[in-house]
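K.L.:
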Amino acid sequence: MKDIWTSIRRTPYQSLSAFLILFFTLFLTLILFVSLTFLYGTLNYLETKPQVTVYFQTKAPETQIFKVRDELMSSGKVLNIKYISKNDAFNIYKQLNKDNPLLLEMVSANILPPSLEIYAKKPIFLPEIAEYLKKQGDIDEVQYEKDIIDKLLVLTNTIRMSALIFFSYLILMSIIVLTTMILFKIALKESEITLLKLIGATNFYIRKPYILESLFLGITASTLSFGIFSFIVLYFNPFLQSYFKGITALSVDVFNYPLVIWPLNYVFFAIVFVSISLFGVVIASVASYIATNKYLKV
Amino acid sequence: MADGRWACGNRKITMITFDKVTKKFPLGNIALSDISFEIDDNQFVFLVGQSGAGKTSILKMITQEIKPTSGSIIVDDFDLTDKNFSQKIDLRRKIGIIFQDFKVLVDKNVFENVAVSLKVIDADQSEIKAKVKKALELVGLSKKELVFPVQLSAGELQRVAIARAVIGDRDIIIADEPTGNLDPKTSWDIMKIFKKLEGKRTIIIATHNTDIVNSFQKRVLVLKDGKIIKDQRKGGYEL
Chain A
202 MKDIWTSIRR TPYQSLSAFL ILFFTLFLTL ILFVSLTFLY GTLNYLETKP
252 QVTVYFQTKA PETQIFKVRD ELMSSGKVLN IKYISKNDAF NIYKQLNKDN
302 PLLLEMVSAN ILPPSLEIYA KKPIFLPEIA EYLKKQGDID EVQYEKDIID
352 KLLVLTNTIR MSALIFFSYL ILMSIIVLTT MILFKIALKE SEITLLKLIG
402 ATNFYIRKPY ILESLFLGIT ASTLSFGIFS FIVLYFNPFL QSYFKGITAL
452 SVDVFNYPLV IWPLNYVFFA IVFVSISLFG VVIASVASYI ATNKYLKV
Chain B
32 MADGRWACGN RKITMITFDK VTKKFPLGNI ALSDISFEID DNQFVFLVGQ
82 SGAGKTSILK MITQEIKPTS GSIIVDDFDL TDKNFSQKID LRRKIGIIFQ
132 DFKVLVDKNV FENVAVSLKV IDADQSEIKA KVKKALELVG LSKKELVFPV
182 QLSAGELQRV AIARAVIGDR DIIIADEPTG NLDPKTSWDI MKIFKKLEGK
232 RTIIIATHNT DIVNSFQKRV LVLKDGKIIK DQRKGGYEL
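Order-wise, the sequence lines are chains A and B.
For what it's worth, our numbering labels the leading residue of the first sequence as 202, then goes sequentially.
For what it's worth, our numbering labels the leading residue of the second sequence as 32, then goes sequentially.
1. Cα separation between B:D262 and B:D256?
2. Return the Cβ separation of B:E176 and B:L167 in integer angstroms, given the expectation that the two are a contact with Cβ distance under 8 Å.
3. Have a look at B:Q74, B:F75, B:D72 and B:A84 and flag the residue whose alpha-carbon is nearest the alpha-carbon of B:I66.
4. Count the C-beta pairs between the stretch 198-210 of chain B and the stretch 121-141 of chain B that are closer than 8 Å, then say yes if the count reaches three, no if not.
5. Within this structure, are the beta carbons of B:A185 and B:T233 separated by less than 8 Å?
6. Quick one: measure Cβ to Cβ for A:S394 and A:I377, integer angstroms, because I've assumed they're closer than 8 Å.
7. DSSP three-state label for B:V135, please.
8. Taking 8 Å as the threshold, find out whether the stretch 311-329 of chain A comes into contact with the stretch 250-261 of chain A through three or more Cβ pairs.
9. If you scan the stretch 75-151 of chain B from start to end, which runs of the beta strand (DSSP E) of 3 or more residues do you find wholly inside it?
10. Kindly identify the DSSP beta-bridge partner or partners of A:N510.
11. For chain A, find out if any of its Cβ atoms is closer than 8 Å to the Cβ of B:D65; answer yes or no.
12. Specify the secondary structure class of A:M202 as computed by DSSP and reduced to three states.
13. Find the residues of chain C that neighbour B:R124, judging by a C-beta separation of less than 8 Å, and give them in chain order.
14. Here's the rule I'm using: 16 or more other beta-carbon atoms within 10 Å means buried, otherwise exposed. How should B:D155 be labelled?
15. Between the C-alpha atoms of B:S103 and B:N115, what's the straight-line distance to the nearest angstrom?
16. Between which two residues does the beta strand (DSSP E) holding B:T53 run?
17. Does DSSP classify B:V170 as helix, strand or coil?
18. Under 8 Å between C-beta atoms, does A:S216 make it to chain B?
19. Please list the residues of the stretch 143-173 of chain B that have a C-beta atom closer than 9 Å to any C-beta atom in chain A, keeping them in chain order.
20. Hey, A:I372 and A:I205: beta-carbon distance below 8 Å or not?
21. Nearest chain B C-beta to A:S452 closer than 8 Å, yes or no?
22. Could you tell me which of A:V473, A:F405, A:P464 and A:Y320 sits nearest to A:S489, measuring between CA atoms?
23. Can you name, in chain order, every residue of its own chain whose Cβ lies under 8 Å from the Cβ of A:I472, other than the five neighbours on each side?
24. Could you check what DSSP says for A:D502 in three-state terms: helix, strand or coil?
25. Buried or exposed, going by whether 16 or more other CB atoms sit within 10 Å of the CB of A:L365?
26. Using the beta-carbon count (16 or more within 10 Å), is B:N240 buried or exposed?
27. Please go through the same chain and pick out, in chain order, the residues whose beta-carbon is closer than 8 Å to the beta-carbon of A:T212, but skip the five residues on each side of it.
28. Between the alpha carbons of A:I266 and A:V253, how many angstroms are there, rounded?
29. Evaluate contact between the stretch 221-235 of chain A and the stretch 406-425 of chain A, counting only Cβ atoms and requiring at least three cross-stretch pairs below 8 Å.
30. Taking the straight line between their C-alpha atoms, what separation do you get for B:V244 and A:P410?
31. On the DSSP bridge assignment, give the partners of B:R250 in chain order.
32. Closer than 6 Å by C-beta to A:L244: which residues in its own chain qualify, once you throw out the five before and the five after it? Chain order, please.
33. Report the residues of the stretch 374-408 of chain A with a CB closer than 7 Å to any CB of chain B, ordered along the chain.
34. Runs of 3 residues minimum, wholly inside the stretch 318-398 of chain A: which ones carry the beta strand (DSSP E) assignment?
35. At a CB-CB cut-off below 7 Å, which residues of chain A make contact with B:D200?
36. Check this for me: beta carbons of A:L354 and A:P324, under 8 Å apart or not?
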């Protein structure tokens with residue numbers, strides 16, 4: 202620790218530059234990472250919402266409707282199915298038209314069709330479910346918002362691809378810039394490195410102080426960026442609460458484990474901190490490794 | 032490893048062997064041309080010759096900073112020209128190097144500058160402390176161990192470099208123009224330190240200093256245009 206501090210003190214401007222590059226890279230990464238996590242969470246939430254509504258003919262017996270429901274449930278592609286009987290439909294109708302007695306007088310439960318509201322596990326299953334339903338007997342109509350689902354699928358894939366490209370770009374750029382900064386720093390010690398090589402120092406012995414300093418800067422920068430980011434998120438928490446009003450929970454899959462990201466919680470924050478620290482440590486280590494390589498060929 | 036030559040009592044007599052060594056640089060200039068010589072263990076040797084004669088090339092080949100174009104080099108038991116040679120670090124830990132421009136670490140004090148030679152071989156703290164003190168006594172800098180290079184004279188800086196080179200039981204001491212940046216009196220003071228090491232290490236000094244070479248009466252290898260033109264057992268400076 203003393204050696205790291207001495208090195209920073211002796212080359213303060215280079216150290217500060219490296220720190221600022223790391224800080225801004227990590228802060229930007231953090232904003233993107235959390236934003237994308239929320240976007241994924243929202244998409245996951247929306248993906249569970251798409252539904253097919255199938256209206257049966259009024260004469261369709263309940264046994265037929267239940268048979269269709271059970272077959273769909275056993276397909277593994279359906280999250281939930283809600284059965285709306287004629288009476289349920291009539292109650293909904295009454296609720297919707299309670300201010301219009303004339304409309305209420307004209308309709309009875311017998312003329313309203315029973316229906317199933319089917320929630321698919323993924324939007325990609327919806328066309329398949331709709332096709333299956335159309336082939337069943339006693340079906341009056343199958344409804345699902347094909348365009349919206351298609352757009353949602355395209356949007357999801359585009360965001361996933363864009364995030365991958367953007368993160369790759371961010372990692373590459375930060376490593377290049379950081380390597381250049383560390384190179385400036387190491388260039389001042391070229392003669393020392395050459396001497397160390399000539400008296401029998403291993404590459405690890407020479408690299409160690411630079412890698413340790415980079416790790417120190419990486420951890421400090423990630424901690425500071427996380428601290429500032431957390432403060433901003435907590436400050437805007439009331440706004441977020443009104444924005445996500447009605448959504449009880451958002452989650453993303455992390456190695457098949459559903460991580461709850463909304464409401465904000467300690468586990469999510471801890472995972473974000475560990476991830477950003479690891480990211481900072483990895484790019485700082487890789488950059489210092491590449492930078493020292495240049496001077497180790499004596 | 033190569034087979035070293037050994038005398039009775041298990042003491043090796045040949046420390047360095049150059050056999051028909053040639054070094055051509057990529058642009059075609061020839062630094063060394065088919066040179067052969069042997070240096071015994073604990074021998075004191077001067078390399079003399081005009082600038083560009085090939086003195087530094089020989090030293091750099093011993094430390095594996097450059098490799099020969101052809102020929103064979105054996106240092107201690109290491110065959111440096113073996114295609115599979117991978118013990119550069121072990122080789123360099125046997126060699127102490129002294130440069131004309133001292134190459135001391137400006138941000139480290141005298142003690143730390145000397146200690147670095149032991150730190151690179153992972154010596155423990157107590158060993159470092161004891162050996163650095165001994166080395167600083169040898170070069171007459173015992174009272175300046177906490178002083179930084181900026182406060183030292185050129186002669187003192189070279190003493191630091193010598194202490195760094197001799198510490199850690201390095202078998203071979205290589206000095207490239209060790210007195211090149213020093214006034215005559217300081218040069219003699221520095222050479223007195225080498226005199227103290229005589230017979231204890233293999234010492235190779237590349238120099239232009241006529242007086243020193245003549246007064247020491249040690250083995251002299253005279254180089255000209257990349258060739259050894261004289262090899263005198265007790266020679267003087269003659270070009």
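Where a beta carbon is used, it is the ideal one built from N, C-alpha and C, also for glycine.
P.N.:
By the coordinates alone:
1. 15 Å
2. 6 Å
3. Of B:Q74, B:F75, B:D72 and B:A84, the smallest CA-CA separation from B:I66 is found for B:A84.
4. yes
5. no
6. Note that residue 394 of chain A corresponds to Ile in the displayed sequence, not to Ser. 21 Å between Cβ atoms; not a contact.
7. Reduced to three states, the DSSP call for B:V135 is coil.
8. yes
9. 75-80, 101-106 and 126-129
10. Outside the displayed span of chain A (202 to 499) sits residue 510 of chain A, for which this structure offers no information.
11. no
12. If DSSP states are grouped into helix, strand and coil, A:M202 belongs with coil.
13. Of the protein chains in this structure, namely A and B, none is chain C.
14. exposed
15. Going by the C-alpha atoms only, they are around 14 Å apart.
16. From DSSP, the beta strand (DSSP E) with B:T53 extends over T45 to K55.
17. helix
18. no
19. V147, S148, K150, V151, I152 and D153
20. Not closer than 8 Å, so no.
21. Chain B, which has no Cβ nearer than 8 Å to the Cβ of A:S452, makes this no.
22. A:F405
23. V455 and L460
24. A question about residue 502 of chain A goes unanswered here, because the residues of chain A that appear run from 202 up to 499.
25. exposed
26. Classification for B:N240: buried.
27. K386 and L389
28. 14 Å
29. These segments touch.
30. 42 Å
31. B:V76
32. Non-local C-beta neighbours of A:L244 in its own chain, meaning closer than 6 Å and more than five positions away in sequence, comprise T357, ordered along the chain.
33. S392, E393, L396, L397, L399, I400, G401, A402, T403 and Y406
34. 340-344
35. Those do not exist, as B:D200 stays about 12 Å from chain A at its closest Cβ, beyond 7 Å.
36. Taking 8 Å as the Cβ cut-off, A:L354 and A:P324 qualify as a contacting pair.
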